[in-house]
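Undergrad:
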Amino acid sequence: MEQKEINIPNQPGSIWTKAIEASIITLIVLVPIVFYPRCIDVFNPAKGLTAEYLVIIGLMFWGFNILKKEELKIVLNPLNLPILSFIIICLLSLTWSDSPFITLKELPLFLAGPLLYFIIANNIYNEWQINRIIGAVLIIGTLFGIYGIL
-11 MEQKEINIPN
-1 QPGSIWTKAI
9 EASIITLIVL
19 VPIVFYPRCI
29 DVFNPAKGLT
39 AEYLVIIGLM
49 FWGFNILKKE
59 ELKIVLNPLN
69 LPILSFIIIC
79 LLSLTWSDSP
89 FITLKELPLF
99 LAGPLLYFII
109 ANNIYNEWQI
119 NRIIGAVLII
129 GTLFGIYGIL
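In this text, residue positions in the sequence shown follow the numbering used here: the first is -11, and each later residue adds one.
(1) Apart from the five residues on each side of it in sequence, which residues of its chain come closer than 7 angstroms, Cβ to Cβ, to P102?
(2) Report the residue from N111, A10 and L138 whose alpha carbon sits nearest the alpha carbon of L64.
(3) Label G46 either buried or exposed according to how many other C-beta atoms from any shown protein chain fall within 10 Å of its C-beta, with 16 as the threshold for buried.
(4) Take the Cβ of T83 as the centre, count every other Cβ of all protein chains shown within 10 Å, and call the residue buried at 16 or more, exposed below.
(5) Does the distance from the C-beta atom of K6 to that of F23 stay below 8 angstroms?
(6) Give me, in chain order, the residues of the same chain whose beta-carbon lies closer than 7 angstroms to that of W4; leave out the 5 immediate sequence neighbours on both sides.
(7) Mark I90 as exposed unless 16 or more other C-beta atoms lie within 10 angstroms of its C-beta, in which case mark it buried.
(8) Among F98, Y135 and I127, which has the Cα closest to the Cα of A39?
(9) Terminal residues of the continuous alpha helix (DSSP H) containing S85?
(10) Going by C-alpha distance, which of I62, S85 and F106 is nearest I12?
(11) Note down the Cα distance separating L15 from V43, rounded to an integer number of angstroms.
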């Protein structure tokens, strides 16, 4: 079996792309800290909102990036159809629910992950962006691993 080389296009980064990358790295850093099991239960509402707000901020920066470029270009992946169908089913569950208000309250929880996928898939172009995100994951994982050993 022959290994293929993946070419990642080198696109110039705008301020909005850098802001999206910063929100993703902030999400990577804050979510493990916020969801630490020994955190006081008083902060449970803030725990849930942290990830959702950071995804909304990333979505807002992606919208600004689309307005700046004046085109909506979505990267086609095999995962797009299943994730879009999941989003549609989540939105349709509002009409099927016995209590639409409770469903509406929990909707951001279900949509945060799929929206984060689209933000990352459509805005992370360069190899150095990927390396920075992987570096942030490794640093946070190492710090929590060392903290767990202590």
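Cβ coordinates follow ideal geometry from the N, Cα and C atoms, glycine included.
TA: The answer reads as follows:
(1) I71, F74 and I75
(2) N111
(3) buried
(4) By the neighbour-count rule (16 or more Cβ atoms within 10 Å), T83 is not buried but exposed.
(5) no
(6) F49, F52, N53 and K56
(7) exposed
(8) F98
(9) Counting along the chain, S85 falls outside any alpha helix (DSSP H), and DSSP gives it neither H nor E.
(10) F106
(11) 8 angstroms
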